[in-house]
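Below is one structure, written out as structure tokens; the observations come after it.
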């Protein structure tokens with residue numbers, strides 16, 4: 053049974069009941085075959101592939117590519133990343149925790165933001181997998197027999213596939229998809245890096261020049277084909293950014309001018325993502341906000357401890373004052389008795 057739309061597709065996989073194996077896939081096992089074959093070339097620590105990170109806490113190096121491929125394999129397994137959830141935000145936290153745990157079994161990712169990046173990557177791979185399934189196999193009103201065959205060919209969990217098919221067939225879903233498709237058709241600017249991550253592109257530029265590229269430079273690097281001219285829409289955007297950066301008010305710092313020019317042309321950051329730097333890059337404002345929130349929480353913790361200690365001290369002082377009053381009263385009573393006896 054061939055896909056409805058003949059296009060490049062992942063190798064069919066069959067998810068078994070365990071988290072550790074894939075059957076009928078070109079990448080088998082929790083650690084994929086390409087990882088196992090190349091493991092002697094990769095940085096290892098504690099029998100896991102060690103992941104380095106850049107200044108934005110994004111994985112870099114050959115190891116990061118293996119990490120991305122591994123997550124892509126896991127994201128196609130229904131017992132790990134169920135496809136019937138209609139939105140990543142609806143995926144239970146417990147399932148996401150298990151995804152991260154499975155990745156940590158094979159990869160040592162010690163840097164901050166590791167869970168955030170891994171789940172971002174899972175989200176991207178999971179959505180691409182569902183997109184492929186829809187365009188390759190979904191037929192509105194198809195028979196149960198057809199859908200059953202789809203699950204066999206792609207190694208899907210049938211209950212999940214049927215729920216997803218039901219969701220795709222709802223009128224409101226059809227309307228939303230039509231709107232999204234129209235919006236995508238209006239996007240004229242596409243990067244040219246292929247599977248090479250923006251984080252690795254940025255790191256390579258830093259190693260070549262001695263400094264990290266700003267977002268305008270990153271745009272130029274990631275949207276310039278190797279053997280062709282830049283797409284005219286991308287070229288127009290780049291030209292506008294460079295012109296705006298040069299026309300900023302006198303006294304504006306060059307780095308700030310280029311940041312402002314970038315956001316004026318391509319828009320402000322949104323949804324917790326920093327445009328132009330790839331998966332896992334967070335807006336500066338978001339990182340600052342998290343740092344402030346953490347600092348405020350720490351201040352609040354010590355404030356509460358101080359208040360508790362203050363209350364204990366005041367209670368101790370009251371007890372001491374009470375004891376002093378009792379002692380003074382006793383002394384006064386004894387003195388008065390002595391006077392009477394004298």
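In my numbering, the protein residues as written are 53 to 394.
Think of the CB as a built atom: it goes at the ideal place given N, C-alpha and C, for glycine as much as any other residue.
Judged by DSSP in its simplified three-state form, residue 270 adopts helix. Going by DSSP, residue 103 is part of no alpha helix (DSSP H) at all; its letter is neither H nor E. For residue 271 against residue 290, the beta-carbon gap comes to about 6 Å, under 8 Å, which counts as contact.
With contacts defined as CB atoms closer than 8 Å, residue 297 and residue 310 qualify as a contacting pair. Of 177, 330, 227, 187, the smallest CA-CA separation from residue 251 is found for 330. Counting of Cβ neighbours within 10 angstroms places residue 175 among the buried residues, the total reaching 16 or more. Of the residues 127, 184, 138, the one whose Cα lies closest to the Cα of residue 152 is 127. Beta-bridge analysis with DSSP links residue 96 to 101. In this structure, the straight-line span from the alpha carbon of residue 235 to that of residue 228 is close to 11 Å. The beta-carbon distance between residue 173 and residue 120, rounded to whole angstroms, is 6 Å. This is short enough to meet the 8 Å contact definition.
Using a Cβ distance threshold of 8 Å, residue 98 and residue 160 count as a contacting pair. With contacts defined by Cβ atoms closer than 8 Å, residue 181 and residue 199 do not form a contacting pair. Assignment of beta-bridge partners to residue 322 by DSSP yields 325.
In the three-state DSSP reduction, residue 147 falls in the helix class (H, G or I). Here residue 160 carries a strand assignment [DSSP, helix/strand/coil].
Cβ-Cβ distances below 7 Å link residue 316 to 296 in the same chain, with the five nearest sequence neighbours on each side left out; the list follows chain order. The criterion of a C-beta distance shorter than 8 Å is satisfied by residue 190 and residue 217. Partner residues in the beta bridge of residue 112, as assigned by DSSP, are 104.
Put simply, the backbone Cα of residue 136 is about 17 Å away from that of residue 196.
Take the alpha-carbon of residue 277 and the one of residue 157: they are about 37 Å apart. Taking the CA atoms as reference points, residue 194 sits about 13 Å from residue 203.
Non-local beta-carbon contacts of residue 167 in its own chain, meaning distances under 6 Å to residues more than five positions away in sequence, involve 152 in chain order.
If you ignore the 5 residues before and after residue 210, its C-beta comes within less than 8 Å of the C-beta of 199, 200, 203, all in its own chain and listed in chain order.
An exposed status is given to residue 304, since fewer than 16 other beta-carbon atoms sit within 10 Å of its beta-carbon.
With respect to residue 178, residue 133 sits close: the two C-beta atoms are nearer than 8 Å. With distances taken between CA atoms, residue 263 lies nearest to 307 out of 382, 307, 221, 233. In the DSSP annotation of this structure, residue 300 is not part of any alpha helix (DSSP H), being labelled neither H nor E.
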